[in-house]
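Per our numbering, the very first residue in the sequence shown carries number 978; after that it's consecutive.
Backbone N, C-alpha and C define an ideal beta-carbon position, used for all residues, glycine too.
A short write-up of the structure that comes next.
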Amino acid sequence: MRASLFFRWLTWRRFFVMVILGAWGAAAGVWASNLWVEGASSRFCHSRLEAVPELPVALVLGCSPKIAGRPNLFYVYRMDAAVRLYQAGRVRALIVSGDNGTKNYDEPTAMKEDLVRRGVPAEAVYCDHAGFRTLDSVVRAERIFGQKRFVVVSQRFHNERAVFLARRHGLKAEAFDARDVTGNPGLMTHLREYLARVQAVLDVTLLRTKPRFEGPPVRVTQA
């Protein structure tokens, strides 16, 4: 009986040790991934408009225009940044890339309509309807739209990951940081970003992930 209890205790002890070691390993992986992404990309991300180099095209990363029927500030601030970048003459064209996974959900078209309403010429805005993930957006900027050098537009945390992915694919990406969002929505998004960076590292190292969709080339004439 005592022997049975001892072996049962030993089994549980090993289990808890494995759980603790696994948790430490996962935490170390998250920490290392975030350190790598930030270290490889932060110097290419610019919060001041004057610091952004003049390049032919900006890649504007999409998100939902509204959340629970209210304007999504992440989206609003990205549109603000894209308009500023274009009007300052830092870029000559905008690629708006996002999710168009269903008939009634179309991020790129919403972005283009909003940018045109704010004075950007329609012919200067190109829609990428297959930007389902950040990796898809940055890789398709080159494979579909022929751009090897571009300015990414999103919030700083997102820009760092996008630039990391782009440069790991041999693209000369810079970034212009849109205003960040504070409060609970911003906090939850930043927490998810830690895991997204782990996925980004896996995508460019072990998994060698490719965009979900290819497609015919699109010529960006303004570039």
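Assigned secondary structure, P1048 (DSSP; H/G/I helix, E/B strand, else coil): Correct three-state label for P1048: strand.
Per-residue DSSP class, three states only, for V1185: Reading off the sequence shown, one finds Arg at residue 1185, where the question assumed Val. Under the three-state reduction of DSSP output, R1185 falls in the coil class, being neither helix nor strand.
Secondary structure, beta strand (DSSP E): runs of 3+ residues fully inside the stretch 1099-1132: You should have 1102-1105, 1126-1132.
Residues of its chain near F1141, where Cβ-Cβ distance is below 7 Å and the 5 sequence neighbours each way are ignored: Within the same chain, F1141 has close Cβ partners V1014, A1017, S1018, A1177.
Cβ neighbours of T1186 in the same chain (closer than 7 Å, five flanking residues each side left out): Excluding residues within five positions, the ones whose Cβ falls inside 7 Å are L1112, D1180.
Straight-line Cα distance separating G1123 from F1153: Rounded to the nearest angstrom, the two C-alpha atoms are 20 Å apart.
Whole-angstrom distance between S1131 and A1058, CA atom to CA atom: In a straight line, the C-alpha of A1058 is about 8 Å away from that of S1131.
For P940, the nearest candidate out of Q1199, V1053, N1081, Y1103 (CA to CA): Here the chain comprises residues numbered 978 to 1200, so residue 940 is not present and cannot be evaluated.
Start-end ranges of the alpha helix (DSSP H) lying completely within the stretch 1147-1181, minimum 4 residues: The alpha helix (DSSP H) runs of length 4 or more contained entirely in the stretch 1147-1181 are, from start to end of the chain, 1160-1181.
Element boundaries [alpha helix (DSSP H), containing A1087]: Residues 1084-1094.
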